[in-house]
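Visitor:
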Amino acid sequence: MKPIVLVGGGGHCKSVIEAAESAGYTIKGILDLPQFMGNKVLDYTVIGSDDEIPLYVNECDFVVSLGYIKTPLLRNKLHEHIEAAGGNLATIIASTAHVSKYATLCAGTVVLHGAMVNAGATIGKGCIINTLASIEHDTIIGDYCHISTGAMVNGDCRVGENTFLGSRSVMVNNTSIPSNSVFAAGCVVRKSLTIEGLYAGNPAVLIRKA
0 MKPIVLVGGG GHCKSVIEAA ESAGYTIKGI LDLPQFMGNK VLDYTVIGSD DEIPLYVNEC
60 DFVVSLGYIK TPLLRNKLHE HIEAAGGNLA TIIASTAHVS KYATLCAGTV VLHGAMVNAG
120 ATIGKGCIIN TLASIEHDTI IGDYCHISTG AMVNGDCRVG ENTFLGSRSV MVNNTSIPSN
180 SVFAAGCVVR KSLTIEGLYA GNPAVLIRKA
């Protein structure tokens, strides 16, 4: 494996560092805003800004270690920046996560400790499958989604791209949720939903359209 450069030095970066170390990766350093140059995140130094991505494309692969901040827009732009520079996006699976050999993970996705991705599941590009999340058989998670801590996505579900599914949320079998949406912690999706927006509750109801 090539060494990796992490892009984004906030709290989520710490989780990615631990997962990457556990998976045997060597971390070259972190790219963040110029004002953070020289700062440390755990044992690793901010070695530059994202403008310096092209300097590392031949030597390293990249992981966007910026979390989902209200929307995935900034994460998406960083992925595009890396690809435009000719960089390769690594896929990180923490040592205590289980990803079935019959599942598919696309580039740039990170699966954190204790998470489960079962047979036949497909996880899109640039996703975060957070600590203890469970993705069951034949489910499809769209690009740039964040499936948060302890969320449970049961079999044959569909999660639209750019969507955040909050901690301890549950999707019952064979349901779907729309793209560009946020589901608050503890949501229970009991039927398929189609309107993009903010959802909360059990059962999940639309609070605000996107």
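Just so you know, we're using numbering that gives the first Met the number 0 here: the sequence shown kicks off at 0 and counts up by one.
Cβ atoms here follow ideal geometry from the backbone N, Cα and C, with glycine treated the same way.
#1: Identify, in the order they occur along the chain, each residue of the same chain with its Cβ nearer than 7 Å to the Cβ of V98, setting aside the five sequence neighbours on each side.
#2: Is the segment 141-154 close to the segment 31-50, with three or more CB pairs under 8 Å?
#3: How many angstroms separate the CA atom of A132 from the CA atom of S14?
#4: Alpha carbon to alpha carbon, how far is P71 from C59? Give it in angstroms, no decimals.
#5: Cβ of S147 within 9 Å of Cβ of G159?
#6: Short check: CB of T108 to CB of G86, under 9 Å?
#7: Among the residues of its own chain, which have a CB less than 6 Å from the CB of S21, if the five just before and after it don't count?
#8: Can you check which of these residues, E195, G66, Y55, is closest to R207 by C-alpha distance?
#9: For S191, is the classification buried or exposed, using 16 other Cβ atoms within 10 angstroms of its Cβ as the cut-off for buried?
#10: Enumerate, from N- to C-terminal direction, the unbroken alpha helix (DSSP H) stretches of 4 or more residues contained entirely within the segment 6-79.
#11: Do S48 and H11 count as a contact pair if the criterion is CB distance below 9 Å?
#12: If we count the other Cβ atoms within 10 Å of its Cβ and call it buried at 16 or more, is T90 buried or exposed?
#13: Could you spell out where the beta strand (DSSP E) holding R207 opens and where it closes?
#14: Starting from L197, trace the beta strand (DSSP E) both ways and give me its first and last residue.
#15: Alpha carbons only, please: which of G119, V45, C144, N173 is nearest the one belonging to G7?
Guide: Well, looking at it:
#1: I92, L104, V110, V116
#2: no
#3: 14 Å
#4: 24 Å
#5: no
#6: no
#7: A93, S94
#8: E195
#9: exposed
#10: 10-21
#11: no
#12: buried
#13: 204-208
#14: 196-199
#15: V45
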